[in-house]
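What follows is one structure encoded as structure tokens, with my remarks underneath.
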Amino acid sequence: MKKIILSFLLMFSLILTSCGTASEKTQEQKPEATKAQAAEVKREKPKEPEDWAKYYTEEGMKALEVKDGKVDFDAAIKNFEHAVETYPTAPVLHYNLGLAYQRKGDDQNAVKAYNKALELDPKYSLPVINKAAIYANKLEYNRAIEVCEKFLEKENDKDKGVLSAVAGFYLLKGDYINAIQSVRKILIQDQADVDALKNLGMIYFKKNDAGLASMVTTNSYNLKPDDAGIANNRGVLYSAQNDDSLAMLYFSRAIANDPKNKSANFNVGSIAMKYGDAETAYERFSVVLSQDPDNLNARIGLAMALRGLGRFEDAEKEYLAVLQKDPNNAIATFNLAVLYNDHMNKQVEAKRNFRKFQSLQRDIPADHIVNEYLSDKVQIRPVEKTE
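Take the sequence shown: its position 130, counted from the start at 1, is 138 in my numbering, and no numbers get skipped.
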């Protein structure tokens, strides 16, 4: 495989898997029915309301599958809405609808659906975690923690899933003391709780205690080697040691355990771009964006991969989509300028974006490549495609 010759500013930071993020699993509806009864339901001719709910849920799940790098969110939402209409008293159906809205990026309707699920079942923890994650994704960590703490006050103080989410949010906030306290509340109940150990390993990693991070992560991996999050985190530890080979091994194991794991897919995409494998990067960033369309780093990665594949107009669209969400995104601005300069013969637009990049960045060194572009000293080379 040839290495793609790319001029770009971004070298992604690998993503740790945290238990303070939204669940990615849609729950199949089986209200008041045994597994045997559910197996007997003929999808082509549903009869009872719960059968119709199951039918529409399955159709919604199909629509959420990635096809050519895209997901039909509208079809998924339509089917989950039909499921809710046929069986409105089932909390899991409202949760599924909220998850589809959340993945589409419609946070307002996602919260409404999660609130309805909680209204029907106040002890249902998944809507709480996902609702809190919406705020955390907006960097509103205190609000995310507040949502979880409110749930924990209502006789749910030992809910390990929500406690893990709280630990994850404190970790993202950089409050390691409270993060450890949340983890301890879980470990008091179960010393071998994998999610708690997962978060504990990340806390030590963020505190730059590589020894403890490695020990905790290795122990948790030995307890549950089929956990995608733990395998991903072990890969991050090896990547921090500049061992991309072992890092990719564990990222690949994470994806084998959970093909939709966002962190592992992002990390594989990042390393793939580092070594010029634009095709793999495109596939992995597409998986991330199918679940998290607001992930701007993944969208920049997708644009870089499209550039490497020679799909320059598609790459331009992705960079512009990032800048529509974040007009001052320096990385997207620089890479769009490179795309215009090197591949689309849009020199005026290229220089405008290079100058914008200069205005966004402070203390740019004299030998920075942006200065070479503006002085027309960069010799343009074509991008090679992977074989």
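Even for Gly, the Cβ is constructed at its ideal location relative to N, Cα and C.
Quick caveat, the model's predicted, so the values are computed rather than measured.
Quiz item: Looking at the structure shown, is residue 75 part of a helix, part of a strand, or coil, going by DSSP?
Solution: Working through the sequence shown from its first residue, we reach residue 75 at position 67. Residue 75: strand per DSSP, three-state reduction.
Quiz prompt | Whole-angstrom C-beta distance between residue 199 and residue 166, which should lie under 8 Å | solution = In the sequence shown, residue 166 corresponds to position 158, counting from 1. In the sequence shown, residue 199 corresponds to position 191, counting from 1. Contact flag wrong, Cβ pair sits at about 15 Å.
Practice problem: Would you check if the distance between the CB atom of residue 101 and the CB atom of residue 71 is smaller than 8 Å? | Solution: Along the sequence shown, one-based indexing puts residue 101 at 93. Along the sequence shown, one-based indexing puts residue 71 at 63. Taking 8 Å as the Cβ cut-off, residue 101 and residue 71 do not qualify as a contacting pair.
Exercise. Would you mind working out which of 106, 115, 154, 124 sits nearest residue 97, comparing C-alpha positions?
Key: If you number the sequence shown from 1, residue 97 lands on position 89. With distances taken between Cα atoms, residue 97 lies closest to 124.
Quiz item: What residues in its chain sit with their C-beta under 6 Å from that of residue 187, if we drop five residues either side in the sequence?
Solution: By 1-based counting over the sequence shown, the position of residue 187 is 179. Closer than 6 Å at the Cβ level, and outside the excluded window around residue 187, lie 175, 178, 179, 211.
Quiz item: In this structure, does DSSP put residue 95 in helix, strand or coil?
Solution: Counted from its first residue, the sequence shown places residue 95 at position 87. If DSSP states are grouped into helix, strand and coil, residue 95 belongs with coil.
Self-check item: Sub-8 Å separation of residue 343 and residue 381 beta-carbons
Solution: Along the sequence shown, one-based indexing puts residue 343 at 335. Along the sequence shown, one-based indexing puts residue 381 at 373. Not in contact: residue 343 and residue 381 (Cβ atoms no closer than 8 Å).
Quiz prompt | Touch test, the region 101 to 112 against the region 325 to 334, Cβ-Cβ under 8 Å, three pairs minimum | solution = no
Quiz item: Is DSSP giving residue 376 helix, strand or coil here?
Solution: Numbered from its first residue, the sequence shown carries residue 376 at position 368. In this structure, residue 376 counts as coil in the three-state DSSP scheme.
Quiz item: From residue 209 to residue 289, what does the alpha carbon distance come to, in whole angstroms?
Solution: Translated into positions along the sequence shown, residue 209 becomes position 201. Translated into positions along the sequence shown, residue 289 becomes position 281. Each residue's Cα considered, the two are about 27 Å apart.
Quiz item: Apart from the five residues just before and just after residue 103, which ones in its own chain have a Cβ nearer than 8 Å to its Cβ?
Solution: Here residue 103 refers to the residue found at position 95 when the sequence shown is read from its first residue. Hits under 8 Å: 35, 121, 122, 125, 132, 134, 135, 138.
Quiz item: What are the boundary residues of the alpha helix (DSSP H) that includes residue 343?
Solution: Here residue 343 refers to the residue found at position 335 of the sequence shown. Per DSSP, residue 343 belongs to the alpha helix (DSSP H) from 338 to 351.
Quiz item: Taking the C-alpha atoms as reference points, what is the distance between residue 322 and residue 311?
Solution: Here the question's residue 322 lines up with position 314 in the sequence shown. Here the question's residue 311 lines up with position 303 in the sequence shown. Rounded to the nearest angstrom, the two C-alpha atoms are 7 Å apart.
Quiz item: By a C-beta neighbour count over all protein chains shown, 10 Å radius and 16 as the cutoff for buried, is residue 324 buried or exposed?
Solution: Sequence index remark: in the sequence shown, residue 324 carries index 316 (1-based). Buried is the call here.
Quiz item: What residues in its chain sit with their C-beta under 8 Å from that of residue 235, if we drop five residues either side in the sequence?
Solution: Stepping through the sequence shown from its first residue, residue 235 is reached at position 227. For residue 235, where only same-chain residues beyond five positions count, the Cβ hits under 8 Å are 202, 206, 228, 229, 265.
Quiz item: Does DSSP put residue 381 in a helix, a strand or coil?
Solution: In the sequence shown, residue 381 corresponds to position 373, counting from 1. Helix at residue 381.
Practice problem: Could you give the DSSP three-state label for residue 110: helix, strand or coil? | Solution: Position 102 of the sequence shown, counted from the first residue, corresponds to residue 110. Helix, per DSSP.
Exercise. Starting from residue 324, follow the alpha helix (DSSP H) in both directions and report where the run begins and ends.
Key: By 1-based counting over the sequence shown, the position of residue 324 is 316. Counting along the chain, the alpha helix (DSSP H) containing residue 324 begins and ends at 320 to 333.
Quiz item: Helix, strand or coil for residue 66 per DSSP?
Solution: Within the sequence shown, numbered from 1, the residue matching residue 66 stands at position 58. Note: residue 66 maps to helix in three-state DSSP.
Quiz item: Are the Cβ atoms of residue 271 and residue 79 separated by less than 8 Å?
Solution: If you number the sequence shown from 1, residue 271 lands on position 263. If you number the sequence shown from 1, residue 79 lands on position 71. Taking 8 Å as the Cβ cut-off, residue 271 and residue 79 do not qualify as a contacting pair.
Quiz prompt | With 16 other Cβ atoms within 10 Å as the buried cut-off, status of residue 370 | solution = For the purposes of this step, residue 370 is taken as residue 362 along the sequence shown, with counting starting at 1. Under this definition residue 370 is an exposed residue.
Practice problem: State the Cα-Cα distance for the pair residue 263 and residue 384, rounded to the nearest angstrom. | Solution: On the sequence shown, position 255 is the one that residue 263 refers to. On the sequence shown, position 376 is the one that residue 384 refers to. One C-alpha to the other measures close to 43 Å.
Quiz item: Rounded C-beta distance between residue 326 and residue 307? I'm assuming under 8 Å.
Solution: Mapped onto the sequence shown, residue 326 falls at position 318. Mapped onto the sequence shown, residue 307 falls at position 299. Between residue 307 and residue 326 the Cβ distance is about 5 Å, and since that is below 8 Å, they are a contact.
Quiz item: Is DSSP giving residue 132 helix, strand or coil here?
Solution: In the sequence shown, the residue the question calls residue 132 occupies position 124. If DSSP states are grouped into helix, strand and coil, residue 132 belongs with coil.
Quiz prompt | Reference residue 339, options 356, 353, 317, 363, closest by Cα | solution = Here residue 339 refers to the residue found at position 331 of the sequence shown. Here the closest residue by C-alpha is 363.
Practice problem: Compute the Euclidean distance between the alpha carbons of residue 359 and residue 341, then round it to the nearest angstrom. | Solution: Taking the first residue of the sequence shown as position 1, residue 359 is located at position 351. Taking the first residue of the sequence shown as position 1, residue 341 is located at position 333. Whole-angstrom Cα-Cα distance: 11 Å.
Quiz item: Taking the alpha-carbon positions, what's the residue 45 to residue 63 distance?
Solution: Counting from one through the sequence shown, the residue named residue 45 turns up at place 37. Counting from one through the sequence shown, the residue named residue 63 turns up at place 55. Legend: pLDDT at residue 45 = 42, less than 50; position of this residue unreliable, no value from coordinates given.
Quiz item: Taking the C-alpha atoms as reference points, what is the distance between residue 127 and residue 147?
Solution: One-based indexing of the sequence shown puts residue 127 at position 119. One-based indexing of the sequence shown puts residue 147 at position 139. Rounded to the nearest angstrom, the two C-alpha atoms are 26 Å apart.
Quiz item: To which residues of the same chain is residue 74 closer than 7 Å at the C-beta, ignoring the five residues directly before and after it?
Solution: Residue mapping note: residue 74 aligns to position 66 of the sequence shown, counting from 1. So the qualifying residues of the chain are 294, 295, 298.
Quiz item: Who are the Cβ neighbours of residue 37 in its own chain at under 8 Å, not counting the five residues just before and after it?
Solution: Counted from its first residue, the sequence shown places residue 37 at position 29. Low per-residue confidence applies at residue 37: pLDDT is 49, beneath 50, and the placement is therefore not dependable, though the value from the model is reported in the following sentence. 58, 61, 62, 65, 91, 95, 98, 100, 101, 104, listed in sequence order.
Quiz item: Below 8 Å between beta carbons: does that hold for residue 184 and residue 214?
Solution: As a position in the sequence shown, residue 184 is number 176, starting the count at 1. As a position in the sequence shown, residue 214 is number 206, starting the count at 1. Cβ atoms of residue 184 and residue 214: closer than 8 Å.
Quiz item: Is it right to say residue 223 is buried, meaning 16 or more other beta carbons lie within 10 angstroms of its own, or is it exposed?
Solution: For the purposes of this step, residue 223 is identified with residue 215 of the sequence shown, where counting begins at 1. Counting Cβ neighbours within 10 Å, residue 223 comes out exposed, since fewer than 16 surround it.
Quiz prompt | Contiguous alpha helix (DSSP H) assignments of at least 4 residues, all confined to the region 174 to 216 | solution = 184 to 197, 202 to 214
Quiz item: Where do the ends of the alpha helix (DSSP H) carrying residue 249 lie?
Solution: Within the sequence shown, residue 249 is the residue found at index 241, counting from 1. Counting along the chain, residue 249 falls outside any alpha helix (DSSP H), and DSSP gives it neither H nor E.
Quiz item: CB-CB under 6 Å to residue 243, same chain, minus the five flanking residues each way: which ones, in chain order?
Solution: One-based indexing of the sequence shown puts residue 243 at position 235. Hits under 6 Å: 255, 258, 259.
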